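Numbering (the numbering used here), first residue to last: 5 to 498. Positions of the beta carbon are idealized from the N, C-alpha and C atoms, including for glycine. Being a predicted model, the structure only gives us computed values, none of them experimental. This report concerns only the one structure given below.
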Amino acid sequence: MTTTTETFESHSPADGRVIGTYPMMDADEVREVVDRARIASLWWADLGFDERRRRLLRFKGLLARRSRELAELVHAENGKPTDDALLEIILSVEHVNWAALNAEKVLRRRRVKPGLLTINHDARVEYQPLGVVGVIGPWNYPVFTPIGSIAYALAAGNTVVFKPSEYTPAIGQWLIDAIHEVVPEQPVAQLVTGKGATGAALCESGVDKISFTGSTPTGKKVMAACAASLTPVLLECGGKDAVLVDRDADLDKAADAATFGAFSNAGQTCVGVERVYVHQEVYDEFLTLVAEKARALTPGHGPDSSYGPMTMPSQIEVVREHVRDALARGGQAVVGGPESVGEGVVEPIVLAHVPEDSLAVMEETFGPTLVVNPVRDMDEAVDRANAADFGLAASVFTRSRATMERVASRLRVGMVSMNSWVMYAGVSALPWGGVGQSGFGRIHGPDGLREFARSKSTVRERFAIPLTLTSFARHPNTTEIVRRVTSVMHGHGR
Ligand code: NAD
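What follows is the structure in structure tokens.
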């Protein structure tokens with residue numbers, strides 16, 4: 005194996021100490037890893053559903069037992085409070101469990117009904133593994149996000165090559181080591197480390213699919229790189245999620261959810277709340293509640309802080325620019341302001357009456373800021389929520405079941421939480437993914453298993469019938485007989 009001499013370090017966002025040093029892997033090294041994964045993929049696919057389930061359930065057990073150790077590492081390398089780290093690990097345990105227990109049910113070979121024309125055939129569909137899946141991950145949920153691809157890809161019978169964010173390679177290494185503990189025989193999950201170039205090399209390495217989670221601009225580069233070899237891609241990209249609050253909503257509950265959704269993880273959440281559209285009749289009351297809750301937060305470097313420092317230093321400038329732009333266009337700072345944007349920790353910022361064409365409303369801020377704007381009614385709220393190019397998720401708060409359902413069905417997003425924030429993430433059977441600039445493809449649930457499999461259709465003639473259509477020797481009347489049957493069966497449709 006060739007070895008690289010160039011390395012990079014990951015640092016604690018709290019105090020800058022070095023967490024780990026990792027090789028900056030080039031295209032040749034990535035290819036070697038993928039080659040090993042390809043050999044292992046034959047063995048892993050041959051193990052079958054039962055044995056793979058056993059291994060993945062062992063991995064689940066290990067994650068659950070050592071969750072505190074992993075949470076400490078997430079706190080150190082990503083900066084989020086330990087309890088928030090535990091939360092993403094607990095959700096990940098649920099997903100590994102679900103993928104392990106349901107892969108066979110979702111992907112096994114099954115019969116489908118043949119139509120009248122093919123009544124003499126037995127028809128079946130099965131979902132075979134793709135081979136090697138390349139997973140490229142972000143730093144903001146360094147456990148939950150990659151596990152949504154890794155666990156489901158493994159359960160579907162693929163091997164995985166994982167490229168974690170350059171900000172969280174130690175967490176990536178921990179996950180891969182843990183999988184190796186439960187599958188020591190073959191490298192079914194391997195790590196490649198480096199920056200963007202290593203991710204780009206993975207796209208061009210001959211893997212059978214790339215599952216990418218990260219920003220929209222990078223997602224476009226990934227898709228372009230994969231186009232050259234027609235490597236399929238799944239893109240989980242950015243968001244600009246909105247909360248919609250109707251006049252009959254439980255305002256305290258809605259304010260609590262919006263505050264947690266906006267500020268937890270320092271706002272660095274793809275489905276984080278960045279905008280709230282509130283019915284004008286309850287706008288002032290709601291804004292007061294959110295402002296109170298935001299002012300009570302205590303961000304910092306400690307394990308028990310409300311939220312931690314910004315993980316990626318370059319994002320601080322984006323937050324600053326969005327806040328400045330909102331205020332320059334006439335928005336009001338209700339809590340904090342440009343002065344809240346520090347060097348590491350950004351204090352909570354609540355902005356009101358921000359023009360809809362400003363950066364803080366249209367672009368992903370990815371920081372602890374929240375825009376709260378009034379609307380005439382829920383129809384206007386939906387129109388405004390849908391005006392963003394992103395379409396990841398949204399939440400709606402109302403006591404009316406009818407309004408809830410109507411609003412949810414009209415929102416152009418992949419996921420909706422009603423009278424709560426983000427709870428779809430906790431239901432493993434529900435698919436996760438966005439529309440528009442938020443990407444396409446789905447992780448989690450049955451759709452998330454099928455993303456990492458290719459369907460194969462088979463038909464088997466059970467008995468011969470005189471009406472053979474696909475032969476040069478067919479009788480001249482055959483097509484006419486079938487035409488008449490088709491006309492009788494389907495010709496009445498208008
Ligand atoms: P990013 O796009 O900067 O990086 C993501 C990953 O892509 C990293 O591992 C990076 O090294 C790699 N990369 C960079 N350039 C590449 C290239 N040319 N080819 C291949 N890989 C390359 O994103 P980030 O800052 O790590 O993560 C934050 C973003 O992720 C936000 O936009 C957030 O909304 C999004 N996100 C989305 C979801 C979702 O489920 N939709 C979940 C978490 C985060």
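- Name the two residues that bound the continuous beta strand (DSSP E) containing aspartate 245. 245-249
- Message: My assumption, with CB atoms under 8 Å, is that aspartate 212 sits in contact with valine 136. Please give the rounded CB distance.
- Response: About 5 Å separates the two Cβ atoms, so the contact holds.
- Please name the residue in Arg42, Gly418, Gly449 and Arg466 whose C-alpha comes closest to that of asparagine 124. Here the closest residue by C-alpha is Arg466.
- Segments of 4+ residues assigned as alpha helix (DSSP H) that fall wholly inside the segment 197-230: 200-207
- Query: So, are the CB atoms of alanine 127 and valine 365 less than 8 Å apart?
  - Reply: Between alanine 127 and valine 365, the C-beta spacing is not below 8 Å.
- Quick check: the segment 431-440 against the segment 140-151, are there 3 or more CB pairs under 8 Å? no
- Assess, as a yes-or-no matter, whether the segment 270-283 is touched by the segment 240-259 under the definition of 3 or more beta carbon pairs within less than 8 Å. yes
- Message: I need the straight-line Cα distance from alanine 204 to glycine 334, nearest angstrom please.
- Response: 41 Å
- Query: Considering only residues of the same chain and omitting the five flanking positions on each side of methionine 419, which have a CB-CB separation below 6 Å?
  - Reply: If we look at methionine 419 and ignore the five residues flanking it on each side, its Cβ neighbours are Ala397 and Tyr428.
- Query: Given glutamine 319, which residues of its chain have a CB within under 8 Å of its CB, disregarding the five upstream and five downstream residues?
  - Reply: Gln272, Phe370 and Gly371
- Message: Considering only heavy atoms of the ligand NAD, does any lie closer than 7 Å to the CB of tyrosine 26?
- Response: Answer for tyrosine 26: no, Cβ out of range of the ligand NAD.
- Ends of the alpha helix (DSSP H) at glutamate 185? 173-186
- By Cβ distance below 6 Å, which residues in the same chain neighbour arginine 388 in space, the five residues on each side in sequence not counted? Tyr281
- Message: With H, G and I counted as helix, E and B as strand and the rest as coil, what does DSSP make of aspartate 254?
- Response: coil
- Message: If the criterion is Cβ atoms closer than 8 Å, does the pair glutamate 185 and leucine 66 meet it?
- Response: yes
- Where the beta strand (DSSP E) through alanine 41 begins and ends: Element bounds for alanine 41: not the beta strand (DSSP E) but the alpha helix (DSSP H), 31-69.
- Message: Does the contact criterion of 3 or more C-beta pairs under 8 Å hold for the segment 222-239 versus the segment 74-88?
- Response: no
- Task: Can you tell me which of Ile154, Glu343, Val116 and Ala477 puts its alpha carbon nearest to the alpha carbon of alanine 103?
- Result: Ile154
- Just mark arginine 69 as buried or exposed, buried being the case when its beta carbon has 16 or more other beta carbons within 10 Å. When all chains shown are included, arginine 69 counts as exposed.
- Query: Are the C-beta of valine 492 and some C-beta of chain B separated by less than 8 Å?
  - Reply: Within the model displayed, chain B is absent; a lone protein chain is all it includes.
- Message: Closer than 8 Å is the cut-off here; do at least three beta carbon pairs connect the segment 448-458 with the segment 404-414?
- Response: no
- Task: Rounded to whole angstroms, what's the CA-CA distance from serine 424 to phenylalanine 401? Just pull it up for me.
- Result: 7 Å
- Message: Is any non-hydrogen atom of the ligand PLP found closer than 7 Å to the C-beta of arginine 58, if you look at the structure I gave you?
- Response: Because the ligand PLP does not appear in the structure shown, any question about it cannot be addressed here, the ligands present being the ligand NAD.
- Is any heavy atom of the ligand NAD found at a distance shorter than 7 Å from the C-beta of glutamate 368? yes
- Query: In the DSSP assignment, what are the bridge partners of serine 461?
  - Reply: Val129
- Query: So is aspartate 288 buried or exposed if we call it buried at 16+ other beta carbons inside 10 Å?
  - Reply: Burial call: exposed.
- Query: Buried or exposed: which applies to serine 45, given that a residue is buried once 16 or more other Cβ atoms fall within 10 Å of its Cβ?
  - Reply: buried
- Item | Unbroken stretches of the beta strand (DSSP E), 3 residues or longer, contained in the segment 411-467 | Listed in chain order, the complete beta strand (DSSP E) runs (minimum 3 residues) inside the segment 411-467 are 419-422 and 457-465.
- Query: To the nearest whole angstrom, what separates the beta carbons of glycine 276 and alanine 261, a pair I think is in contact under 8 Å?
  - Reply: The Cβ separation is near 12 Å, so there is no contact.
- Please state if the CB of alanine 107 and the CB of alanine 159 are separated by a distance shorter than 8 Å. With a cutoff of 8 Å on beta-carbon distance, alanine 159 and alanine 107 are scored as near each other.
- Item | Beta-carbon separation (whole angstroms), threonine 202 vs lysine 167, contact threshold 8 Å | 6 Å
- Query: Would you call lysine 64 buried or exposed, if buried means 16 or more other Cβ atoms sit within 10 Å of its Cβ?
  - Reply: buried
- Message: What does the alpha-carbon distance come out to for the pair glycine 304 and valine 129?
- Response: Taking the straight line from one Cα to the other gives about 53 Å.
- Query: Which class does valine 473 belong to by DSSP, given the choice of helix, strand or coil?
  - Reply: Before going on, a small fix: residue 473 reads as leucine here, not valine. Coil.
- Message: Could you tell me which whole alpha helix (DSSP H) segments of length 4 or greater appear in the segment 255-295?
- Response: 255-267, all fully within the segment 255-295.
- Query: Is lysine 117 helix, strand or coil when you go by DSSP?
  - Reply: coil
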